[in-house]
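Residue numbers (this note's numbering), protein chains in the order written: chain A, 2 to 215; chain B, 64 to 130.
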């Protein structure tokens, strides 16, 4: 594996679970013994608020919400194994900057038709980038806030596959612990053997396989 | 009817800007010396045509390279 891997969690749709996934995934890599930097590229600054709430004790967080993200990131990313970018909820230059910085783009999608349709723009940007860079960044969908065993869930997977990007088999589900832990500046690892923690660990491990680390 | 992915729509302005950014390679700064009055005329004309000076220079470079 190369020195560091930059993962951008991106979707223009607000509420798709970007910050929840970015913060929990960052903590999951810390628990894996990795050196992790969380980059908040959303001007709303939710990841920075979360970091302030935990007094910066889980993972270092920096706010880089300018189009200069690719260059700024080079300046601060030395020595980290994993860099997780919490993306902005828009398809504009900030998303483009995150895509240019990333080795992997994870696109969280709630199991709703609106989220599936809203993903079209970010998919378009990723594919446009892949054409000029010989396939970088790799990209995949991650179903977030899934409700187990619903017909819509299966339909959503089918529709996402129409975009011709892989869909992670791991996912997050609708669980109160995601928002409760965030409100205290924590992660789902407050209950380290709970189902939400196991979901995030599964995402981390699938991501590692996706980038070829294991 | 089953749920389907949405077809790409490249029409809105923010997306066009973003597409331009992601397909751009690494940028290098070009410094050049221009006589002052020429610089002022160049800047005024580009502004009047709603173009940046960089856009005009890039068009010139593209035309030169395609010869």
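Using N, Cα and C, we set each Cβ at its ideal position, and we do this for glycine too.
Since the structure is predicted, the reported quantities are computational estimates derived from the model, not experimental observations.
- From the beta-carbon of residue 115 of chain B, no residue of chain A is found nearer than 8 Å; the closest lies around 15 Å away.
- Contact between residue 69 of chain B and residue 121 of chain A holds: CB atoms are separated by about 4 Å, below the 8 Å threshold.
- Pairing residue 62 of chain A with residue 43 of chain A gives a Cβ-Cβ distance that is not under 8 Å.
- For the set A/126, A/47, A/31 and A/141, the Cα lying nearest the Cα of residue 66 of chain A is the one of A/47.
- Proximity of the region 191-208 of chain A to the region 74-87 of chain B falls short of the contact definition, fewer than three beta-carbon pairs being nearer than 8 Å.
- In this structure, the beta-carbon distance from residue 160 of chain A to residue 117 of chain A falls below 8 Å.
- For residue 104 of chain B, no chain A residue has a Cβ inside 9 Å of its Cβ, as the nearest lies near 30 Å away.
- Annotation: the continuous alpha helix (DSSP H) that includes residue 77 of chain B extends over 76-85.
- Closest in C-alpha terms to residue 143 of chain A, from the list A/172, A/128 and A/155, comes A/172.
- Judged by DSSP in its simplified three-state form, residue 108 of chain A adopts strand.
- Among the residues of chain A, those whose CB is under 7 Å from the CB of residue 67 of chain B are 160 and 163, following chain order.
- Against chain B, the beta carbon of residue 114 of chain A has neighbours under 8 Å at 66, listed in chain order.
- In this structure, the alpha-carbon of residue 97 of chain A lies about 31 Å from that of residue 181 of chain A.
- Judged by DSSP secondary structure, residue 93 of chain A falls outside any alpha helix (DSSP H); it is assigned neither H nor E.
- Within a 10 Å sphere around the beta-carbon of residue 130 of chain A sit 16 or more other beta-carbons, which makes this residue buried.
- Taking a C-beta distance under 8 Å as the contact criterion, residue 88 of chain A and residue 147 of chain A do not qualify as a contact pair.
- In this chain, the beta strand (DSSP E) harbouring residue 141 of chain A covers 139-144.
- Excluding five sequence positions before and after residue 151 of chain A, the CB atoms of its chain that fall closer than 8 Å to its own CB belong to 112, given in chain order.
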